[in-house]
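S.K.: Got a structure for you, questions after.
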Amino acid sequence: FRTMILNSSRKNKQINLEDPEITFIGKILRRYKLDELPQLLNVIKGDMSFIGPRPILEETYNSLPKWALKRFYLKPGLTGLAQVNGNIFISWEKRWAYDCEYVKNYSFLLDLKVVFKTILIIIIGEKYFKKN
20 FRTMILNSSR KNKQINLEDP EITFIGKILR RYKLDELPQL LNVIKGDMSF
70 IGPRPILEET YNSLPKWALK RFYLKPGLTG LAQVNGNIFI SWEKRWAYDC
120 EYVKNYSFLL DLKVVFKTIL IIIIGEKYFK KN
């Protein structure tokens, strides 16, 4: 689902719900994570996992430090450790660190924790889970 206005000059930057490039409908879709629903098809196809490091743009990949490449040891996911620990409110480096932590500690119990926190974030809102 398109949630932002078309802008070919956009830089690789973090986007939050207050960003002026997000449409009115986009704010609703993003707030309730409905913009992620089409990716369920990728999970069904087997290209993605339900939980894992989020996919990234090629430009972001090209700027990754070597230590962050561990995040690619697992398939990308719809939600992940970084998404339930600050997501858009934390730096890219912190997100990559959470992704690497997830890869290192991958377990069924950790997946349950991520699913539970994801559900809470959808119900309550992401801003209540941001890390300071």
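Residues in the sequence shown are numbered from 20 upward in steps of one, following this note's numbering.
Using N, Cα and C, we set each Cβ at its ideal position, and we do this for glycine too.
All figures in this text were calculated on a predicted structure; none of them were measured in a lab.
For T22, which three-state DSSP category applies?
M.R.: Your numbering for residue 22 matches position 3 in the sequence shown. It is coil, neither helix nor strand.
S.K.: Can you confirm whether the segment 92 to 110 touches the segment 58 to 71 when touching is taken to mean that 3 or more C-beta pairs between the two stretches lie within less than 8 Å?
M.R.: yes
S.K.: Would the beta-carbon of D54 fall within 8 Å of that of L60?
M.R.: Looking up residue 54 in the sequence shown gives position 35. Looking up residue 60 in the sequence shown gives position 41. Their beta carbons are not under 8 Å apart, which means D54 does not touch L60 by this criterion.
S.K.: On the DSSP bridge list, what partners appear for G96?
M.R.: Here residue 96 refers to the residue found at position 77 of the sequence shown. As DSSP reads the structure, G96 sits in a beta bridge with S68.
S.K.: Checking 8 Å against the spacing of the C-beta atoms, do P72 and D118 come in under that value?
M.R.: For this step, residue 72 is matched to residue 53 along the sequence shown. For this step, residue 118 is matched to residue 99 along the sequence shown. In this structure, D118 lies closer than 8 Å to P72 by Cβ.
S.K.: Here's a check: name, in chain order, each residue in its chain whose Cβ is nearer than 6 Å to the Cβ of D130, leaving out the five neighbours to either side.
M.R.: As a first step, residue 130 is located in the sequence shown; it is residue number 111 there, counting from the start. Hits under 6 Å: I70.
S.K.: Quick one: what's got a C-beta closer than 7 Å to I141's C-beta in the same chain, skipping five residues either side?
M.R.: Here residue 141 is taken as the residue at index 122 of the sequence shown, counted from 1. Taken in chain order, the residues that qualify are Y51 and K52.
S.K.: What does the alpha-carbon distance come out to for the pair K113 and E120?
M.R.: Start at 1 with the first residue of the sequence shown, and residue 113 comes out as number 94. Start at 1 with the first residue of the sequence shown, and residue 120 comes out as number 101. Answer to the nearest angstrom: the Cα atoms are 10 Å apart.
S.K.: Could you pull the start and end residues of the alpha helix (DSSP H) that L131 belongs to?
M.R.: Taking the sequence shown and counting its residues from 1, one reaches residue 131 at position 112. Counting along the chain, the alpha helix (DSSP H) containing L131 begins and ends at F127 to I143.
S.K.: To test your reading of the DSSP string, which unbroken alpha helix (DSSP H) runs of 4 or more residues are found completely within the segment 47 to 91?
M.R.: 59 to 64 and 77 to 81
S.K.: Does DSSP put I109 in a helix, a strand or coil?
M.R.: Position 90 of the sequence shown, counting from 1, holds the residue named residue 109. In the structure shown, I109 sits in coil (DSSP, three-state: anything other than H, G, I, E or B).
S.K.: Rounded to the nearest angstrom, what separates I143 and F108 at their Cα positions?
M.R.: Counted from its first residue, the sequence shown places residue 143 at position 124. Counted from its first residue, the sequence shown places residue 108 at position 89. About 16 Å.
S.K.: Use the C-beta contact count for E145: other C-beta atoms within 10 angstroms, 16 or more gives buried, fewer gives exposed.
M.R.: Mapped onto the sequence shown, residue 145 falls at position 126. Buried: at least 16 other Cβ atoms inside 10 Å.
S.K.: Alpha carbon to alpha carbon, how far is Y92 from Y125? Give it in angstroms, no decimals.
M.R.: As a working mapping, residue 125 is identified with position 106 in the sequence shown. As a working mapping, residue 92 is identified with position 73 in the sequence shown. For Y125 and Y92, the distance between alpha carbons rounds to 11 Å.
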